[in-house]
Amino acid sequence: MNADTSLQNAGIAHRASKRLGPLRYSFFEPSMNDRLMHHLHPREALRKAIANQEFELHYQPRIDLGASKFIGVEALPRWRRNDDELVCPHEFIRVAEDSGLIVPIGQWVPREAIRQSAEWQRRNGWTLMMAVNLSAVQFRGGGLGQEVLSLLAEQKPNPASLELELTESLLLEAESDILDAIALWKSRGIKISIDDFGAGGSSLVYIKRFQIGKIKLDQSFVSNVPTHEVDRVIVQSIIRMARDLNPRTIAEGVKDAGLPELLLSMGYDQARGYLYARPMSANELETWFKQYSSSQRTGSVP
Ligand code: C2E
Ligand code: CA
Ligand code: CA
Numbered sequence: 479m480n481a482d483t484s485l486q487n488a489g490i491a492h493r494a495s496k497r498l499g500p501l502r503y504s505f506f507e508p509s510m511n512d513r514l515m516h517h518l519h520p521r522e523a524l525r526k527a528i529a530n531q532e533f534e535l536h537y538q539p540r541i542d543l544g545a546s547k548f549i550g551v552e553a554l555p556r557w558r559r560n561d562d563e564l565v566c567p568h569e570f571i572r573v574a575e576d577s578g579l580i581v582p583i584g585q586w587v588p589r590e591a592i593r594q595s596a597e598w599q600r601r602n603g604w605t606l607m608m609a610v611n612l613s614a615v616q617f618r619g620g621g622l623g624q625e626v627l628s629l630l631a632e633q634k635p636n637p638a639s640l641e642l643e644l645t646e647s648l649l650l651e652a653e654s655d656i657l658d659a660i661a662l663w664k665s666r667g668i669k670i671s672i673d674d675f676g677a678g679g680s681s682l683v684y685i686k687r688f689q690i691g692k693i694k695l696d697q698s699f700v701s702n703v704p705t706h707e708v709d710r711v712i713v714q715s716i717i718r719m720a721r722d723l724n725p726r727t728i729a730e731g732v733k734d735a736g737l738p739e740l741l742l743s744m745g746y747d748q749a750r751g752y753l754y755a756r757p758m759s760a761n762e763l764e765t766w767f768k769q770y771s772s773s774q775r776t777g778s779v780p
């Protein structure tokens, strides 16, 4: 460490001690620098991570509430930073979108997800829905529609097992690139869903206009359902209206053991959340699946 870095470190420690309050004694820890570097140069750090291929894809199971059956996964990228730290998308997706780095990340995620989906179909005979998140930025340039079809042509999973998750704000933009891509995907049997439904100015008009197959209500609704009457009423009416227009409804962020039954009684079709499993690597998911299916056979709670 040279004089400059120790001075900088002293400054970091000083600011940290101020945050902790006047009576706290503070010393410099390398993790503080990491955190700060992360804030100072998030784009650079992310750019390096992409170049060094520090991303891995994790999968979170989706369960059919009526049959308690494992029916699909959502692919969620994780950044393995400094070998031992797993950084979740909520910490880096915004930076990636603002810097355009979502483009390389968003090319890799569907490629790896489709490859894994095809492998599971071939090797395990699994016909899972593979859900992949897409941001509006990825549609710029107009190549995305065809890119996804090329990935399917390379790996040859069943196209009907791919589900692309879009947000309402993305549909609101309704630019021709987006509309064309959606039309192309739907013509090939790829499924489209609306994520975080209810978080923004939700409108059932999109469901009709884009013939959306699934809506995922925002996690905040799900966690409030047992305790907040108003949320329960909102959810119930969204589900009822959605039913008439045909899409399935997915509850996300399901954490409590009593919740699936309540959600099922409210008309939800599917669920995902820590109650069943956290997002995990492909290998971990295979182990989880064995445990889950044997718990289903014995009737024990997963
Ligand atoms: P999302 O699509 O709503 O994904 C669900 C998020 O909720 C995931 O966070 C997941 O780890 C977390 N989650 C799952 N079950 C529970 C639960 O029971 N309780 C709680 N509190 N959280 C739960 P993650 O992986 O950090 O993803 C955050 C968001 O980043 C995603 O929200 C999605 O909007 C975006 N994102 C993730 N992957 C991608 C991607 O490949 N491309 C793009 N464009 N966006 C992505
Ligand atoms: Ca999602
Ligand atoms: Ca969501």
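Everything in the sequence shown is counted per the working numbering, starting at 479 for the first residue and increasing by one. C-beta atoms are modelled at their ideal positions from N, C-alpha and C, and glycine is treated no differently.
Residue i - DSSP class collapsed to helix/strand/coil
i    : result
E507 : Caution is warranted here: a pLDDT of 43 is assigned to E507, below 50, making its placement in the model unreliable, and no coordinate value can be reported.
A729 : strand
A523 : helix
W604 : coil
H568 : helix
D747 : coil
R687 : helix
I668 : coil
E534 : strand
S772 : helix
V610 : strand
R756 : coil
L695 : strand
V713 : helix
G499 : Unreliable positioning characterises G499 in this predicted model, as indicated by a pLDDT of 35, which lies under 50. The coordinate reading is nonetheless provided below. Note: G499 maps to coil in three-state DSSP.
E653 : coil
T705 : coil
G584 : helix
P738 : helix
R618 : coil
Spatial distance of residue i from residue j (CA atoms)
i    : j    : result
I668 : L579 : 25 Å
A529 : R710 : 46 Å
A574 : L648 : 16 Å
L622 : W604 : 27 Å
E632 : I672 : 27 Å
T705 : Q531 : 43 Å
Q689 : L612 : 18 Å
R666 : S759 : 29 Å
R687 : E651 : 13 Å
F570 : L524 : 8 Å
S537 : E643 : As written in the sequence, residue 537 is Tyr, which differs from the Ser given in the question. Going from the Cα of Y537 to the Cα of E643 covers about 14 Å.
D674 : E707 : 20 Å
D658 : E552 : 24 Å
G676 : L695 : 6 Å
R521 : D722 : 44 Å
S546 : I670 : 23 Å
P637 : M607 : 10 Å
A735 : G620 : 44 Å
G731 : W766 : 18 Å
E597 : K664 : 23 Å
P738 : P725 : 19 Å
8 Å Cβ cutoff met for residue i and residue j
i    : j    : result
L535 : E590 : yes
S595 : P555 : no
L564 : R572 : no
L629 : P588 : yes
Y770 : F533 : no
Y754 : P539 : yes
E641 : A609 : yes
D576 : F617 : no
G544 : L742 : yes
Y684 : E646 : yes
Residue i: CB within 7 Å of a non-hydrogen atom of ligand 3
i    : result
D674 : yes
R694 : As written in the sequence, residue 694 is Lys, which differs from the Arg given in the question. Checking every heavy atom of ligand 3 against the Cβ of K694, one is found closer than 7 Å.
E575 : no
Q538 : no
E646 : no
L697 : Leu is not the amino acid found at residue 697; the sequence shown has Gln there. Correct: Q697 has its Cβ closer than 7 Å to ligand 3.
E730 : yes
Cβ-heavy atom distance, residue i to ligand 2, below 7 Å
i    : result
E643 : yes
E552 : yes
N611 : yes
Near ligand 1: residue i beta-carbon under 7 Å from a heavy atom
i    : result
Y770 : no
G603 : no
I656 : no
Contact with chain C by residue i, beta-carbon distance below 8 Å
i    : result
F675 : The structure shown contains no chain C; it is built from a single protein chain.
How do the region 703 to 717 and the region 729 to 747 stand: do at least 3 beta-carbon pairs fall below 8 Å, yes or no? Yes: at least three Cβ pairs fall under 8 Å.
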